[in-house]
Amino acid sequence: MLNNKKISFKFKSNKLYISDGATGTNLLSRGLPKGTAPEVWVLENPSAIVQLHKDFIAAGAEIILTCTFGGSSIRLDHSNLGERTEEINKKAVGLARTAIEGSSVMIAGSMGPLGQMLQPLGTLAVSDAKDIYAQQAKALVEAGVNFLLIETQFDLNEAKAAIQGIQSVSSLPIVCSFSYDRGTRTMMGVSPKNMAGELSSFDLMAIGINCGKSIEDNFQAMQELNQSTKLPIWFKPNAGLPEMDKNGNPTYSITPQKMGAQVKNWINAGANIIGGCCGTTPEHLQQIAINVRNYQ
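Heads up, the working numbering is the position in the sequence shown plus 1131, with the first residue counted as 1.
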């Protein structure tokens, strides 16, 4: 296990924190070719990633996520970059560290789903999943993240494998966030109550909700989650449902002002760490941050 330095914070359930917005959809709007993984730009266009981080910080983010959502070796293999997993993850953390220089902004090491179903429903062995998550976590931790974020999960078995893999190599805090895209259920039928109960045996810093579909469904899922856990709640909903423009790019209907206006309700329903997922621009994040600070 890595000999991690102790960090000076742990999310508190009575305090509010502002996370950042979307990575992928913002990079698409800034020129990332359709079908290209954002992690490719860690190598090929790092300045765009640094600038996006800086834009979120300027908008009020106190936490930024590394550009490593698809940074596992199994996902990077799709871009023929699996052999560069350690390099890409470490460089992504370096880009985030460049962006936060001189500030107290925290860095979350983003870790998304592996993209393959685990046995017995799929072909990926649980032990292999643990190893893949451990490999990515080790690189993120060595490069200097403050905590690790397992996000957009839908399968409890994969989430558990991710946590166990991370904890085999690191003692840094972990946040685990699920995506509810079937109303208040994940695509595997997991409810917020199921998620909270099944993960309660692990030492997690926070649990939460990100991505999903409509803000309304995410809000309802968070209300259910708040009734099932005493942990701080991470909440990063999409900026509404996407529609495709004439060029085939996703557009999101909820304006920054409309998104910001909902923040008070999110906090009252239990959200502690608040940001946005797909479609959430720096302009959206600025309105979120203003409303979080006004609430405080």
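Built from N, CA and C at the ideal position, the CB exists for glycine as well.
Only a predicted model underlies this, so the values are computations on that prediction, with no experimental measurement involved.
Could you pull out every residue in the same chain whose Cβ sits closer than 8 Å to the Cβ of residue i, ignoring the five residues on either side in sequence?
i       : result
THR1315 : SER1322, PRO1323, ASP1348, GLN1351, ALA1352 and GLU1355
ASN1135 : Confidence is the limiting factor: at ASN1135 the pLDDT is only 49, short of 50, which leaves the residue's position unreliable, though a coordinate-based value still follows. Closer than 8 Å at the Cβ level, and outside the excluded window around ASN1135, lie VAL1272, SER1301, SER1302 and LEU1303.
GLY1379 : LYS1165
PRO1177 : LYS1222 and LEU1226
ILE1421 : GLY1191 and GLY1391
Taking buried to mean at least 16 other C-beta atoms within 10 Å of its own C-beta, is residue i buried or exposed?
i       : result
ASP1186 : buried
GLY1410 : buried
SER1139 : Here SER1139 scores only 42 on pLDDT, less than 50, and its place in the model is too uncertain to base an answer on.
HIS1209 : exposed
ALA1256 : exposed
LYS1395 : exposed
ASP1151 : buried
ALA1189 : exposed
GLY1162 : exposed
THR1360 : buried
LYS1141 : exposed
LEU1362 : buried
LYS1143 : exposed
LYS1269 : buried
PRO1413 : buried
GLN1427 : exposed
Can residue i and residue j be called in contact, C-beta distance under 8 Å?
i       : j       : result
TYR1147 : VAL1423 : Looking at the sequence provided, one finds Leu at residue 1147 rather than Tyr. Taking 8 Å as the Cβ cut-off, LEU1147 and VAL1423 qualify as a contacting pair.
GLU1329 : LEU1280 : no
PRO1381 : MET1390 : no
THR1154 : LEU1183 : yes
ILE1297 : VAL1236 : no
VAL1276 : ALA1239 : yes
ALA1292 : LEU1249 : yes
GLY1191 : LEU1372 : no
ASP1366 : ILE1405 : According to the sequence as given, residue 1366 is Phe; it is not Asp. Cβ atoms of PHE1366 and ILE1405: closer than 8 Å.
ILE1419 : GLY1407 : yes
SER1258 : LEU1196 : no
GLN1388 : ILE1346 : no
ASP1312 : MET1319 : no
ALA1274 : GLY1225 : yes
If you drop the 5 nearest sequence neighbours on each side, which residues of the same chain put their C-beta closer than 6 Å to that of residue i?
i       : result
CYS1198 : THR1154, PRO1169, VAL1173, ILE1180 and ALA1223
LYS1137 : For LYS1137, the pLDDT reaches just 43, beneath the cut-off of 50, and the residue's location in the model is therefore unreliable, although a value from the coordinates is still provided. Result list for LYS1137: empty, nothing under 6 Å.
ILE1205 : LEU1245 and ILE1263
LYS1261 : ALA1292, GLN1295 and GLY1296
LEU1207 : GLY1213 and THR1216
VAL1171 : SER1210
Contact check, residue i vs residue j under 8 Å by CB: the rounded distance?
i       : j       : result
GLY1201 : ASN1220 : Contact flag wrong, Cβ pair sits at about 11 Å.
ASN1403 : ILE1364 : 5 Å
GLY1401 : ASN1369 : Going by Cβ atoms, the distance from GLY1401 to ASN1369 rounds to 19 Å, so no, they are not a contact pair.
PHE1278 : SER1310 : The Cβ separation is near 19 Å, so there is no contact.
CYS1307 : ALA1290 : 6 Å
For residue i, which residues from the same chain have a beta carbon less than 7 Å from its beta carbon, with the 5 sequence-adjacent residues on both sides left out?
i       : result
GLY1243 : PHE1200, GLY1201, GLU1282 and THR1283
ASN1357 : ILE1364, ALA1400 and GLY1401
ALA1227 : HIS1184, ILE1195, THR1197 and ILE1238
THR1156 : PRO1381, CYS1409 and GLY1410
GLY1253 : GLN1247
PHE1333 : ILE1294
THR1229 : VAL1181
LYS1377 : none
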